Every structure is written in C-alpha cells, then in structure tokens.
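Below is one structure, written out as structure tokens; the observations come after it.
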Ligand code: NAP
Ligand code: MG
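Written out as structure tokens, the structure reads:
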C-alpha cells in the first residue's frame with residue numbers, strides 16, 4: 002500500500018492537460034491522521050477557472066454534443082472499469098487525504114461510486130422527450146437537452162462519493178463539468194479526472210480544479226458561462242452561492258447540512274436501535290450531513306439508551322485509518338477538530354452532562370474521542386447547531402407529540418429516523434417528520450435510485466435517481482404546424 006506520495010505537484014486538470022496554476026501557486030494538503038504534509042497541489046485562481054470553463058464550453062459545443070448518448074454511457078462504464086482496476090490506490094489516497102478508514106471506504110464509498118457511475122451510464126441513452134398531442138393541427142413534442150457547463154463544488158467528507166453523485170448524472174445528460182473539490186481533500190478528484198482521460202473522455206468534458214472556495218469556488222459561481230451549480234456543503238456558503246448565481250441566473254442545487262433526529266420508542270428493538278444510533282453519529286467521525294446527531298429517547302428507556310450508547314462509544318476502535326480494523330479515523334483537519342472541541346466545551350457550559358469522550362484521542366493527528374452528552378435540552382446550542390463531529394446529544398421525550406416537536410424543531414430538514422414496532426406510529430411519523438428522508442427501524446442508508454436532499458437550511462433540490470436528470474437538462478418544446 003502507498004503510504005507516502007512523491008514530491009511532485011499534483012496539477013490541475015484542464016482541457017485534457019495536467020497543468021500548473023497560471024499564477025504558479027501551490028498549496029499543501031495534510032494527512033489528518035498524522036498532521037504531516039501529504040502532497041503539494043496546484044492552486045486554481047480566477048484565470049485557471051476561466052480556462053477550465055472555456056474548455057468545458059468548447060467540449061460541450063464540440064465533441065461531447067456530437068457523441069451518441071450510448072457512447073457517453075460506454076465511456077462511463079469504461080471509467081468504472083478503471084476505477085475498479087485502481088481501487089487500491091483510490092482507497093489509499095482517499096484515506097490519506099481525508100482520514101477516512103480504509104475499511105469504510107471499501108465497504109461504502111467505493112461501491113457507492115461504482116453504483117452511481119454504472120446506474121447513470123445506463124441512463125445516458127434513456128433520457129427521452131415526449132410527444133404531447135396538444136393540438137390536432139400540429140405535432141407537439143418535447144426533447145430534454147443538456148444544460149451546458151456544470152460547476153460541481155463539493156465538500157471534504159465524502160470526496161469520491163459526493164463527487165460522483167454530481168459528475169455521473171451531469172455527464173450522462175451530456176453536460177460538461179468543472180469539478181472543484183474541497184481544498185483539504187483534492188487528491189482523489191484529480192485521480193478520477195485522470196482516469197476519465199484514460200477512459201477516452203474528450204478533453205474538457207471533465208476538468209478538475211482544486212483551489213480555495215473563496216477564490217476558485219467563487220470564480221465558478223461568478224462566471225457568466227457556467228449554466229449550473231451543483232453544491233454540497235454548509236448553509237453559509239450555500240447562501241453565498243445563491244446570491245452569486247443570481248448574476249446570470251444559474252440553476253442551483255444545494256445540499257446543505259442537518260441536525261437530524263433519531264427517535265427511539267420503548268417498543269423498538271433496543272439493541273438494533275442503539276447500534277444504529279451509534280453508527281448514525283460516529284460513522285465517518287460524525288462528518289456526515291445526515292448524521293443522527295440528536296438521539297431522542299423516550300423517558301422510560303432514556304437511561305438505558307445513554308448507558309448503552311456510551312458503551313458503544315467506548316468500544317469504538319479509533320486509530321490509524323490505514324489499518325483495516327480501524328472503525329473511526331481522525332477529523333478531517335485541525336480546524337474541524339478545534340471546532341468540535343469548542344462545541345464540546347459549549348455543551349459543558351450549557352449544563353449538559355458529558356457521559357463519555359469529550360477530548361482529543363492522543364496528541365498526534367486530529368482525533369477526537371466518540372462523545373456522548375446526556376441531559377441535553379432542546380434549546381442548547383449543541384442540540385440546535387451542526388457540530389459535524391463524533392458528538393451525540395441524547396434528549397428525553399415524553400410522548401409522540403413531544404418527540405415530533407423536538408424532531409422538527411431545528412432549522413434543518415434533511416433526514417430523520419424513528420424506531421418503533423407500532424405500525425400506526427411509524428406511519429404517523431413518516432408523515433409528520435420534516436425531512437427529505439425518513440428511516441424507519443434503520444438509520445443512514447442511501448441508494449442512488451432514491452431521491453436525496455432536504456429543505457429549509459438543508460438546501461433544496463434532489464440528487465440521485467431520475468431527479469438528477471432533471472437537474473442537468475432542460476425541456477424544449479417543438480411545435481410543428483401540420484394543418485388539419
Ligand atoms: P463548505 O465550507 O461549505 O465548503 C464546501 C465547498 O464549497 C468546498 O469546496 C469549499 O471550498 C467551497 N466554497 C467555500 N466558499 C465558497 C464560495 N464563496 N464560493 C464557492 N465555493 C465555496 O463546507 P465544508 O466545510 O467543506 O463541509 C461541511 C459542510 O457540508 C457541513 O455543514 C455539512 O453539513 C455539509 N454537507 C452536506 C451534505 C449534504 O448532502 N446535504 C453532504 C456533505 C456535507 P474549500 O476548498 O475552500 O473548502
Ligand atoms: Mg488532506
């Protein structure tokens with residue numbers, strides 16, 4: 002397995018070429034498990050973004066437009082084959098750059114990447130219009146046309162998987178893409194770009210431009226020749242993107258954060274519920290937009306849930322993400338670690354009871370122990386704000402109405418879970434919970450065939466499934482006057 006990278010700079014991928022930034026600037030990406038520099042990466046500036054957008058436009062108007070949809074699908078399948086070939090390298094690179102455990106990448110991220118790619122590869126030649134018999138003296142029909150140049154701006158928590166959630170449907174629809182990975186996890190996006198070239202995608206169809214959000218990201222948002230922005234990240238940046246996109250009225254899809262409730266009733270299978278509640282908040286070190294960060298437990302099982310959850314937290318294997326037995330890696334960066342530790346301090350000061358964890362694990366890298374807070378009140382900041390770390394807040398409820406009020410009582414609406422054996426109750430909760438996804442007697446699974454997204458501060462629009470095809474295409478009506 003690869004454990005160190007060469008000193009070579011990881012260049013931008015623009016117009017089929019690996020190029021340095023026009024400014025000559027580079028930045029360093031860090032291995033969060035050690036705090037050491039992992040690699041030097043070219044830093045895209047405004048002028049590099051402009052070059053990438055121009056290349057994406059030329060590819061869109063040129064070779065990509067003239068390629069059959071089925072051939073686009075074939076290229077995507079070829080890319081999937083190359084990803085399988087280089088799986089070990091990709092897993093290793095993703096782990097080194099983000100701190101994610103290799104076991105999790107192999108079990109979850111990589112299969113999801115391949116599933117996404119092959120699912121949309123199969124869809125490329127099934128994007129149809131409709132004949133709509135509106136009049137008797139005309140043939141009226143619709144076609145679905147690709148939107149054009151797509152800017153995909155992604156976060157660091159699932160660089161490969163969220164990247165593919167955006168790239169695959171965009172390419173299937175016939176759009177071209179400029180992908181800006183988060184500056185702290187740029188390496189696997191570049192590798193995917195290189196594999197796409199090897200697969201035979203025409204130059205400019207997929208450009209990859211690591212850089213800083215305020216410069217490279219903002220330049221994409223401001224660019225007059227970008228047609229669509231698909232963004233996953235924080236609500237703060239989501240709002241900035243929406244404002245910037247108003248310039249040329251770009252289409253926007255926003256997948257933002259969450260503070261999801263995972264509700265446990267006494268009639269639930271408590272073993273399964275607590276197990277899922279643990280992975281619901283500790284998986285990926287809690288850096289998951291749909292993390293079940295608020296565990297709502299009925300008063301009659303509250304103490305037991307807290308105690309069992311704490312036991313799970315304490316038995317979590319935390320450590321070197323490259324070891325296959327590791328279940329939890331570090332947080333992605335020093336900034337994120339400090340942010341999480343600060344929230345733990347806030348929780349203490351607010352009067353919540355720290356049951357376990359609450360501090361760094363070791364003093365090398367950015368590890369924080371899985372943490373459980375009990376006696377959490379709804380009004381507390383740790384119960385309202387997204388921490389994005391391994392911090393569970395356990396909140397007591399008395400009855401269904403109380404549980405619903407708490408569950409729906411944040412600014413977010415991304416996901417929610419409910420555990421109960423009462424069929425009427427689970428249907429009532431499925432109806433009443435404000436969330437893009439409601440899980441019943443499970444927590445956390447997603448599938449590329451099912452629409453994914455939220456509302457309010459969790460953003461708007463849906464990715465995955467057919468919904469993504471609508472995100473990257475526009476309908477055109479053709480009206481042919483035929484006479485009666
Ligand atoms: P972030 O700061 O919003 O960054 C996301 C991406 O936007 C990064 O590539 C970032 O660049 C870029 N960016 C920053 N400022 C920008 C600007 N002014 N214009 C254009 N792009 C800009 O979020 P993050 O800290 O990376 O990720 C954590 C957040 O993402 C959490 O709040 C989490 O809930 C959310 N999230 C949501 C989902 C979902 O599916 N709903 C999934 C994952 C994460 P840099 O490279 O400079 O960071
Ligand atoms: Mg890194």
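Numbering (our numbering), first residue to last: 2 to 485. Glycine is no exception: its CB is placed at the ideal position from the N, C-alpha and C atoms. Treat the numbers as computed from the prediction; the structure is a model and nothing was measured.
What span of residues does the beta strand (DSSP E) with residue i cover, start to end?
i: residue 147; result: 139 to 147
i: residue 440; result: 438 to 441
i: residue 1; result: Residue 1 lies beyond the stretch modelled for the chain, which goes from 2 to 485, so this question has no answer here.
i: residue 370; result: Premise fails: residue 370 is in no beta strand (DSSP E) and is neither H nor E.
i: residue 319; result: Here residue 319 belongs to no beta strand (DSSP E), and DSSP marks it neither H nor E.
Tell me, please, whether the CB atom of residue i is closer than 8 Å to any CB atom in chain B?
i: residue 238; result: Of the chains in the structure shown, none is chain B; there is only one protein chain.
Could you check whether the Cβ of residue i sits closer than 7 Å to any heavy atom belonging to the ligand NAP?
i: residue 18; result: no
i: residue 182; result: yes
i: residue 233; result: yes
i: residue 156; result: yes
i: residue 486; result: An answer regarding residue 486 cannot be provided, because it is not within the stretch 2 to 485 covered by the chain.
i: residue 389; result: yes
i: residue 459; result: yes
i: residue 54; result: no
i: residue 42; result: no
i: residue 28; result: no
i: residue 213; result: yes
i: residue 222; result: yes
i: residue 238; result: yes
i: residue 21; result: no
i: residue 258; result: yes
i: residue 530; result: Look at the range of the chain in this structure, 2 to 485, and you will see that residue 530 is not part of it.
i: residue 415; result: yes
i: residue 462; result: no
i: residue 218; result: yes
i: residue 31; result: no
i: residue 163; result: yes
i: residue 174; result: no
Bridge partners of residue i, per DSSP?
i: residue 413; result: 457
i: residue 262; result: 295, 417
i: residue 32; result: 37
i: residue 43; result: 27
i: residue 485; result: Answer is none; residue 485 lacks a bridge partner.
i: residue 20; result: 13
i: residue 177; result: 150
i: residue 375; result: 354
i: residue 252; result: 229
i: residue 209; result: 14, 180
i: residue 128; result: Paired residue(s): none; residue 128 is not in a bridge.
i: residue 478; result: 143
i: residue 398; result: 299
i: residue 393; result: 373
i: residue 329; result: 319
i: residue 361; result: 369
If you follow the alpha helix (DSSP H) that residue i is in, where does it begin and where does it stop?
i: residue 133; result: Element bounds for residue 133: n/a, residue is neither H nor E.
i: residue 343; result: 335 to 351
i: residue 472; result: 466 to 472
i: residue 93; result: 88 to 99
i: residue 192; result: 188 to 200
i: residue 69; result: Counting along the chain, residue 69 falls outside any alpha helix (DSSP H), and DSSP gives it neither H nor E.
i: residue 383; result: 382 to 385
i: residue 276; result: 271 to 283
i: residue 430; result: 424 to 433
i: residue 109; result: Per DSSP, residue 109 belongs to no alpha helix (DSSP H) and is neither H nor E.
i: residue 242; result: 236 to 245
i: residue 219; result: 219 to 223
Residue i and residue j look like a contact to me (Cβ under 8 Å); what is the Cβ gap, rounded to whole Å?
i: residue 90; j: residue 161; result: Actually they are not in contact, since the Cβ atoms of residue 90 and residue 161 sit about 12 Å apart, beyond 8 Å.
i: residue 163; j: residue 170; result: Not quite, the Cβ-Cβ distance comes to about 12 Å (not below 8 Å), so this is no contact.
i: residue 130; j: residue 255; result: Contact flag wrong, Cβ pair sits at about 28 Å.
i: residue 210; j: residue 45; result: 4 Å
i: residue 203; j: residue 175; result: Contact doesn't hold; Cβ gap of about 12 Å is too wide.
i: residue 185; j: residue 178; result: Going by Cβ atoms, the distance from residue 185 to residue 178 rounds to 21 Å, so no, they are not a contact pair.
Segment contact, 8 Å Cβ cut-off, at least three pairs: the stretch 181 to 195 with the stretch 4 to 14: At 8 Å Cβ cutoff, the stretches touch.
Taking three-plus beta-carbon pairs below 8 Å as touching, is the stretch 212 to 228 in contact with the stretch 370 to 380? Under the three-pair Cβ rule at 8 Å, the stretch 212 to 228 does not count as touching the stretch 370 to 380.
Cβ contact (3+ pairs, closer than 8 Å) linking the stretch 227 to 235 and the stretch 71 to 82: By the criterion of at least three beta-carbon pairs nearer than 8 Å, the stretch 227 to 235 is not in contact with the stretch 71 to 82.
Looking at C-beta atoms only, is the number of pairs between the stretch 287 to 294 and the stretch 257 to 276 that lie closer than 8 Å three or more? Contact holds between the stretch 287 to 294 and the stretch 257 to 276, because three or more Cβ pairs, one in each stretch, are under 8 Å apart.
Under 8 Å, with one C-beta from each stretch per pair, do the stretch 290 to 304 and the stretch 405 to 422 reach the 3-pair mark? Taking 8 Å as the limit for Cβ pairs, the verdict is that the stretch 405 to 422 does touch the stretch 290 to 304.
Determine contact between the stretch 82 to 89 and the stretch 131 to 146, defined as no fewer than three beta-carbon pairs at a distance below 8 Å. With the cut-off at 8 Å, the stretch 82 to 89 and the stretch 131 to 146 do not touch.
Contact between the stretch 25 to 35 and the stretch 97 to 110 (3+ Cβ pairs under 8 Å): With the cut-off at 8 Å, the stretch 25 to 35 and the stretch 97 to 110 touch.
May I ask you to verify whether the stretch 302 to 313 touches the stretch 328 to 335, counting CB pairs closer than 8 Å and requiring at least 3? They do not touch, by the three-pair rule.
Is the number of C-beta pairs between the stretch 419 to 439 and the stretch 454 to 471 that are closer than 8 Å three or more? The stretch 419 to 439 makes contact with the stretch 454 to 471; the number of CB pairs closer than 8 Å reaches 3 or more.
The stretch 313 to 331 / the stretch 99 to 111 touching (three or more Cβ pairs under 8 Å): Judged by Cβ distances under 8 Å, the stretch 313 to 331 makes contact with the stretch 99 to 111, as three or more pairs qualify.
Examine the Cβ distances between the stretch 421 to 431 and the stretch 383 to 400 and report whether three or more of them are shorter than 8 Å. The answer is no - the stretch 383 to 400 does not touch the stretch 421 to 431, with fewer than three Cβ pairs under 8 Å.
Examine the Cβ distances between the stretch 232 to 242 and the stretch 261 to 277 and report whether three or more of them are shorter than 8 Å. They do not touch, by the three-pair rule.
Evaluate the contact criterion for the stretch 341 to 348 versus the stretch 367 to 377: three or more CB pairs, one atom per stretch, below 8 Å. They touch, by the three-pair rule.
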